[in-house]
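Asker: Encoded as structure tokens, here's the structure I'll be asking about.
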Amino acid sequence: MLTSKQRAKLRGMANTMDAIIRIGKEGITEGVLKQIDEALSARELIKIALEKNCDKNPKEAIVYICEKLNAEPVQVIGRKIVIYRMAEENPRIQI
207 MLTSKQRAKL RGMANTMDAI IRIGKEGITE GVLKQIDEAL SARELIKIAL
257 EKNCDKNPKE AIVYICEKLN AEPVQVIGRK IVIYRMAEEN PRIQI
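Numbers given in the working numbering equal positions in the sequence shown, counted from 1, plus 206.
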């Protein structure tokens, strides 16, 4: 679990990031989860955009993704979500 200070630091880092994954009408499929998992392994902190035609609302989506991938929810702003998972080897983000 992240503390509020750690979450605030990660939110600040995510402000300048662009969404690298977009979830559309297909929803959160196994392929999307695999992409998110790979992105988390490479970057630790990622932003995901949910398109208007996505069937899940952002709060449901962040909980589902974090449970499936053992990640931490950072924030939900509109239809964008930010998640974090510390790298197993050589973590780059110090929180």
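Cβ coordinates follow ideal geometry from the N, Cα and C atoms, glycine included. Values in this document were obtained by computation on a predicted structure and should not be read as measured data.
Along the chain, where does the alpha helix (DSSP H) that runs through Lys-258 open and close?
Answerer: Note, Lys-258: premise wrong, no alpha helix (DSSP H); not H, not E.
Asker: Between which two residues does the beta strand (DSSP E) holding Ile-283 run?
Answerer: Counting along the chain, the beta strand (DSSP E) containing Ile-283 begins and ends at 278 to 283.
Asker: Along the chain, where does the alpha helix (DSSP H) that runs through Ile-268 open and close?
Answerer: Here the alpha helix (DSSP H) through Ile-268 covers 264 to 275.
Asker: Using the Cα positions of Gly-233 and Tyr-270, report the straight-line distance between them to the nearest angstrom.
Answerer: The alpha-carbon atoms of Gly-233 and Tyr-270 are separated by roughly 11 Å.
Asker: Between the stretch 258 to 274 and the stretch 292 to 301, do at least 3 Cβ pairs fall closer than 8 Å?
Answerer: Because the criterion of three Cβ pairs below 8 Å is not met, the stretch 258 to 274 and the stretch 292 to 301 do not touch.
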